[in-house]
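> Sending over a structure as structure tokens; questions will come in a sec.
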Amino acid sequence: MNGETQELGFDPEALREKYQRERDKRVREDGADQYFEMAGAFARYAEEDPYADPEYSRAPITDEVEVAIVGGGFSGLLAGARLSEAGVADLRVIEAGGDFGGTWYWNRYPGAQCDIESYCYLPLLEELGYMPREKYSYATEIFEHSQRIGRHYGLYDKTHFQTRVRSIDWDDEIKRWHISTNRDDDIKARFVVMALGTATRAKLPGLPGIDEFEGHSFHTSRWDYGYTGGDTTGGMTELADKRVAIIGTGATAIQCVPRVGQYAQQLYVFQRTPSSVDWRGNKPTDPQWWETLQPGWQRERRENFNALASGQPVAVDLVHDGWTDIFRNVVTAPKGADKPKTREERAQVLEIADFRKMNQIRQRVDDTVEHADTAEALKPYYRQMCKRPTFNDEFLPCFNEDNVTLVDVSDAKGVERITPKGVVANGREYEVDCIIYASGFEISAQFRRRLGIEINGRDGMSLFDCWADGLRTLHGFSTRGFPNWFYIGVSQNAFSVNMTAMFDDQARHIAYVIAETRRRDAITVEPTDAAQDEWVDLLNGFHVGGLGFLETCTPGYYNNEGAPRAGSAFFGAYTPGVNAFNHLLEEWREDGEMAGMELDRPS
Ligand code: NDP
Numbered sequence: 001m002n003g004e005t006q007e008l009g010f011d012p013e014a015l016r017e018k019y020q021r022e023r024d025k026r027v028r029e030d031g032a033d034q035y036f037e038m039a040g041a042f043a044r045y046a047e048e049d050p051y052a053d054p055e056y057s058r059a060p061i062t063d064e065v066e067v068a069i070v071g072g073g074f075s076g077l078l079a080g081a082r083l084s085e086a087g088v089a090d091l092r093v094i095e096a097g098g099d100f101g102g103t104w105y106w107n108r109y110p111g112a113q114c115d116i117e118s119y120c121y122l123p124l125l126e127e128l129g130y131m132p133r134e135k136y137s138y139a140t141e142i143f144e145h146s147q148r149i150g151r152h153y154g155l156y157d158k159t160h161f162q163t164r165v166r167s168i169d170w171d172d173e174i175k176r177w178h179i180s181t182n183r184d185d186d187i188k189a190r191f192v193v194m195a196l197g198t199a200t201r202a203k204l205p206g207l208p209g210i211d212e213f214e215g216h217s218f219h220t221s222r223w224d225y226g227y228t229g230g231d232t233t234g235g236m237t238e239l240a241d242k243r244v245a246i247i248g249t250g251a252t253a254i255q256c257v258p259r260v261g262q263y264a265q266q267l268y269v270f271q272r273t274p275s276s277v278d279w280r281g282n283k284p285t286d287p288q289w290w291e292t293l294q295p296g297w298q299r300e301r302r303e304n305f306n307a308l309a310s311g312q313p314v315a316v317d318l319v320h321d322g323w324t325d326i327f328r329n330v331v332t333a334p335k336g337a338d339k340p341k342t343r344e345e346r347a348q349v350l351e352i353a354d355f356r357k358m359n360q361i362r363q364r365v366d367d368t369v370e371h372a373d374t375a376e377a378l379k380p381y382y383r384q385m386c387k388r389p390t391f392n393d394e395f396l397p398c399f400n401e402d403n404v405t406l407v408d409v410s411d412a413k414g415v416e417r418i419t420p421k422g423v424v425a426n427g428r429e430y431e432v433d434c435i436i437y438a439s440g441f442e443i444s445a446q447f448r449r450r451l452g453i454e455i456n457g458r459d460g461m462s463l464f465d466c467w468a469d470g471l472r473t474l475h476g477f478s479t480r481g482f483p484n485w486f487y488i489g490v491s492q493n494a495f496s497v498n499m500t501a502m503f504d505d506q507a508r509h510i511a512y513v514i515a516e517t518r519r520r521d522a523i524t525v526e527p528t529d530a531a532q533d534e535w536v537d538l539l540n541g542f543h544v545g546g547l548g549f550l551e552t553c554t555p556g557y558y559n560n561e562g563a564p565r566a567g568s569a570f571f572g573a574y575t576p577g578v579n580a581f582n583h584l585l586e587e588w589r590e591d592g593e594m595a596g597m598e599l600d601r602p603s
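For the sequence shown, my numbering gives the first residue as 1, with consecutive numbering after it.
What follows is the structure, encoded as structure tokens:
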């Protein structure tokens, strides 16, 4: 044992080698192409809506609005809310689902919960005077909150539900966008706000035989309670005589596996890469504490969370949970006297902190899971932020139940194939009645595939051709050649795991730009080439370090399945962080010049 190993209590070099081996055995040549798009033969997994009236129909609409918002999840709701506050009343939301909620409309799988603290995550808590029931809200409460926002801002009357936008085309003659939908609508809009969220399109593992399975199957984002019985809180008694397979062990599976395990006769969990599963410790909201909160508390709390995420000093960690523990210890190097002096030293310090954190995660597995082989298979061997960290207190213990079996498919790079009777893995056929795909979403796929909507700007130019060599935007929101068009989401802006806070800040800014364009009597607004180039250059300067890290990671959507240089989920973000980005936008607005934006006024 060398000195370093003795001092640390573990061997960093051995861990480095283990991480590398675990990564190498999972990297597949087909990378992101290993997944099936939910189109064609597989459209039923994504386009059918188990929660809405299948008989719903209406006549096609031909009309015109000032602002069309595509998507009625939190980002669309926030766009609607902030535009209303900015005095823009002529709004139209177009939403594929039968109600508001987006991710939380579709994802009603058992145990679904947000792993970001509800006081930071649920938007507009102060505006609506709503106190979340628990520190971490479950799906039903989050869905209800989206409905509450819809009601509060009068958005129900302004929304076409069960309507999928197919294409958006700019008409330069009339300076309007034409929006066409699956219901043959032609809605003209002066401004368009794209608010599609990040986990919009589900994906399936591209397994041979997947369409030959004779049992029942569905994706977690279209949970079939008609088959399982019960609802998101449990009661899935119809599974009592069923053998069930769940494919995947990401953030979704971590939450639904224990619930299915509670009811199924037999549950096989097919795992390719283990998640890191840290302590959750959910608890009811203390009403007395709630009463002490002062106006502006939610923004302060979110900013505190953002500050920790980007390594800025804070007097107190207000959220104080698993996420902020990671921010404080694994993502941020020590300050003061212990501050690393060089970039290399900083990298070493963070790597050791990461090993410590992941050792703790692995120890938790050993402390919880009784069967030694199962415990070993459940241990993640990669850096903490290589994959989405998860937090759950029920997942690991459920593998101590006799009816729950972990099938480790890491050596085979995944499940091999599907037969009419079940799932083949490691050369063995597991006969099952039901296959549940917890296989995730098109989060880092190319934009065309991810959005599934054709967008054509001036002179018929496709947005996706324009972005073929990388995004080209100002602040991540708008692109030259696409007048009066805005994008809310993860693009060339600052990223936060607390997505709704990020969307809210983006919505405020976009609402300002639209309201100002109208106030200044301009017909169109779009970035200048120079401002767009400058923004892209600025962001390009940020990438380098992050890419090197992602290359060492086990594959997943964070690193485009092991090929981060070809595009990854958070590639090109504004790395100084959300607070810094918001500050930059605030100064831009205060300046009042709309710098870098070209406004076309009637001559
Ligand atoms: P993920 O993409 O994280 O997970 C998909 C899973 O399917 C992985 O475990 C993957 O393995 C596995 N898989 C894919 N193909 C195969 C195969 N051929 N054989 C075996 N396994 C396979 O999707 P999730 O739906 O779990 O999560 C997506 C994101 O949604 C999260 O990262 C998070 O951002 C968000 N989310 C947030 C929650 C919250 O609490 N806020 C809750 C749930 C989701 P491998 O890892 O090896 O690729």
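The beta-carbon is built from N, C-alpha and C at its ideal position, and this holds for glycine as well. In this text, all values refer to a predicted model and were calculated from it rather than measured experimentally.
Can you give me the start and stop residues for the beta strand (DSSP E) that Phe270 sits inside?
Position 270 of the sequence shown, counted from the first residue, corresponds to residue 270. 266-271 is the span of the beta strand (DSSP E), which, as asked, contains Phe270.
> Rounded to a whole number of angstroms, what is the C-alpha to C-alpha distance between Gly226 and Arg58?
Your numbering for residue 226 matches position 226 in the sequence shown. Your numbering for residue 58 matches position 58 in the sequence shown. Using only the alpha carbons, I get a separation of about 26 angstroms.
> Would the beta-carbon of Ala307 fall within 8 angstroms of that of Asn579?
In the sequence shown, the residue the question calls residue 307 occupies position 307. In the sequence shown, the residue the question calls residue 579 occupies position 579. Yes, these two residues count as a Cβ contact at 8 angstroms.
> Inspect the beta-carbon positions of Pro205 and Ile254 and report whether they are closer than 8 angstroms.
As a first step, residue 205 must be located in the sequence shown, where it is residue number 205. As a first step, residue 254 must be located in the sequence shown, where it is residue number 254. In this structure, Ile254 does not lie closer than 8 angstroms to Pro205 by Cβ.
> On the DSSP letters alone, give me the boundaries of the alpha helix (DSSP H) that Asp171 sits inside.
By one-based count along the sequence shown, residue 171 stands at place 171. Where Asp171 is concerned, there is no enclosing alpha helix (DSSP H), although the beta strand (DSSP E) it sits in stretches over 165-171.
> Would you list the residues sitting across from Leu91 in a DSSP beta bridge?
Within the sequence shown, residue 91 is the residue found at index 91, counting from 1. DSSP, once it has assigned bridges, lists Val67 as partnering Leu91.
> Taking the alpha carbon of Asp317 as the point to measure from, which residue in Glu117, Pro602, Gly596, Tyr557 has its own alpha carbon closest?
As a first step, residue 317 must be located in the sequence shown, where it is residue number 317. Minimum Cα distance to Asp317 is reached at Glu117.
> Need the endpoints of the alpha helix (DSSP H) that Ile514 sits in, please.
Position 514 of the sequence shown, counted from the start, is the residue given in the question as residue 514. Element bounds for Ile514: 499-519.
> Rounded C-beta distance between Arg301 and Pro110? I'm assuming under 8 angstroms.
Taking the first residue of the sequence shown as position 1, residue 301 is located at position 301. Taking the first residue of the sequence shown as position 1, residue 110 is located at position 110. In this structure Arg301 does not touch Pro110 by the C-beta definition: roughly 29 angstroms separates them, more than the 8 angstroms allowed.
> Once the 5 residues before and after Glu214 are set aside, which same chain residues still bring their CB inside 6 angstroms of it?
On the sequence shown, residue 214 is found 214 positions in, with the first residue counted as 1. Cβ within range, chain order: Pro420.
> Does the stretch 170-180 come into contact with the stretch 123-130, if we say contact requires no fewer than three beta-carbon pairs (one atom in each stretch) closer than 8 angstroms?
no
> Using a threshold of 7 angstroms, is the CB atom of Gly80 nearer than that to any non-hydrogen atom of ligand 1?
Reading the sequence shown from its first residue, position 80 is the one you call residue 80. It does not: the Cβ of Gly80 is nowhere closer than 7 angstroms to a heavy atom of ligand 1.
> In whole angstroms, what separates the C-alpha of Met502 from that of Ala494?
Taking the sequence shown and counting its residues from 1, one reaches residue 502 at position 502. Taking the sequence shown and counting its residues from 1, one reaches residue 494 at position 494. When rounded, the distance between both Cα atoms is 8 angstroms.
> Tell me where the beta strand (DSSP E) around Trp177 begins and ends.
Indexing the sequence shown from 1 puts residue 177 at position 177. Residues 176-181.
> Under a Cβ-count criterion, where at least 16 other Cβ atoms within 10 Å of its own Cβ denotes burial, should Lys18 be classed as buried or exposed?
Indexing the sequence shown from 1 puts residue 18 at position 18. With a 10 Å radius around the Cβ and a threshold of 16 neighbouring Cβ atoms, Lys18 comes out exposed.
> From the DSSP output, in three-state form, read off Thr405 for me.
Along the sequence shown, read from residue 1 onward, the residue named residue 405 stands at position 405. Thr405: strand per DSSP, three-state reduction.
> Tell me whether Arg190 sits in a helix, a strand or coil according to DSSP, three-state version.
Residue numbering aside, residue 190 sits at position 190 when the sequence shown is read from its first letter. Note: Arg190 maps to strand in three-state DSSP.
> So, helix, strand or coil for Gly150, using DSSP?
To locate residue 150, count along the sequence shown from 1; it is residue 150. In the structure shown, Gly150 sits in a helix (DSSP, three-state: H, G or I).
> Using CA coordinates, which residue listed in Ala81, Gln34, Tyr268 is at the minimum distance from Val424?
Position 424 of the sequence shown holds residue 424. Comparing Cα positions, the closest option is Tyr268.
> Going by the DSSP bridge assignment, what does Ala245 pair with across the sheet?
As a working mapping, residue 245 is identified with position 245 in the sequence shown. Per DSSP, Tyr268, Ile435.
> Return the CA-CA distance between Glu394 and Ile488, expressed in angstroms with no decimal places.
Sequence index remark: in the sequence shown, residue 394 carries index 394 (1-based). Sequence index remark: in the sequence shown, residue 488 carries index 488 (1-based). Between Glu394 and Ile488, the C-alpha separation is close to 34 angstroms.
> Measure from the alpha carbon of Arg148 to the alpha carbon of each residue in Arg183, Arg362, Ile453, Asp99, then state which is nearest.
Here the question's residue 148 lines up with position 148 in the sequence shown. Of the candidates Arg183, Arg362, Ile453, Asp99, the residue whose Cα lies closest to the Cα of Arg148 is Asp99.
> For a test of your reading of the model: does the CB of Tyr557 fall under 7 angstroms from any non-hydrogen atom of ligand 1? Yes or no.
Here the question's residue 557 lines up with position 557 in the sequence shown. True, at least one ligand heavy atom lies under 7 angstroms from that Cβ.
> Start and end of the beta strand (DSSP E) containing Asp600?
Within the sequence shown, residue 600 is the residue found at index 600, counting from 1. 597-600 is the span of the beta strand (DSSP E), which, as asked, contains Asp600.
> Can you grab the Cα-Cα spacing for the pair Lys158 / Tyr105, in whole Å?
Residue 158 sits at position 158 when you count from the first residue of the sequence shown. Residue 105 sits at position 105 when you count from the first residue of the sequence shown. Roughly 18 angstroms separates the two Cα atoms.
> How do the stretch 81-90 and the stretch 194-211 stand: do at least 3 beta-carbon pairs fall below 8 angstroms, yes or no?
no
> Please work out which residues of its chain come closer than 8 angstroms, Cβ to Cβ, to Arg618, disregarding the five sequence neighbours upstream and downstream, and give them in chain order.
In the structure as shown, the chain starts at 1 and stops at 603, and residue 618 therefore has no counterpart that could be examined.
> Closer than 7 angstroms: is that where the CB of Cys114 sits relative to any heavy atom of ligand 1?
Residue mapping note: residue 114 aligns to position 114 of the sequence shown, counting from 1. Under cutoff, so the answer is yes.
> Measuring CB atoms only, is the stretch 264-283 touching the stretch 455-464, in the sense that at least three cross pairs come out at less than 8 angstroms?
no
> Return helix, strand or coil for Tyr136, following the three-state DSSP convention.
Taking the sequence shown and counting its residues from 1, one reaches residue 136 at position 136. Coil, per DSSP.
> Could you spell out the range, first to last residue, of the beta strand (DSSP E) harbouring Pro527?
To locate residue 527, count along the sequence shown from 1; it is residue 527. Here the beta strand (DSSP E) through Pro527 covers 524-527.
> Tell me whether Asp231 sits in a helix, a strand or coil according to DSSP, three-state version.
Numbered from 1 along the sequence shown, position 231 holds the residue referred to as residue 231. If DSSP states are grouped into helix, strand and coil, Asp231 belongs with the strands.
> Is the number of C-beta pairs between the stretch 475-489 and the stretch 527-536 that are closer than 8 angstroms three or more?
Yes: at least three Cβ pairs fall under 8 angstroms.
> Short check: CB of Cys398 to CB of Lys242, under 8 angstroms?
Position 398 of the sequence shown holds residue 398. Position 242 of the sequence shown holds residue 242. Cβ atoms of Cys398 and Lys242: not closer than 8 angstroms.
> Give the DSSP-derived three-state secondary structure of His583 in the structure shown.
By 1-based counting over the sequence shown, the position of residue 583 is 583. In this structure, His583 counts as helix in the three-state DSSP scheme.
> Please name the residue or residues paired with Tyr35 in a DSSP beta bridge.
Mapped onto the sequence shown, residue 35 falls at position 35. Residue pairing by DSSP puts Tyr35 in a beta bridge opposite Pro205.
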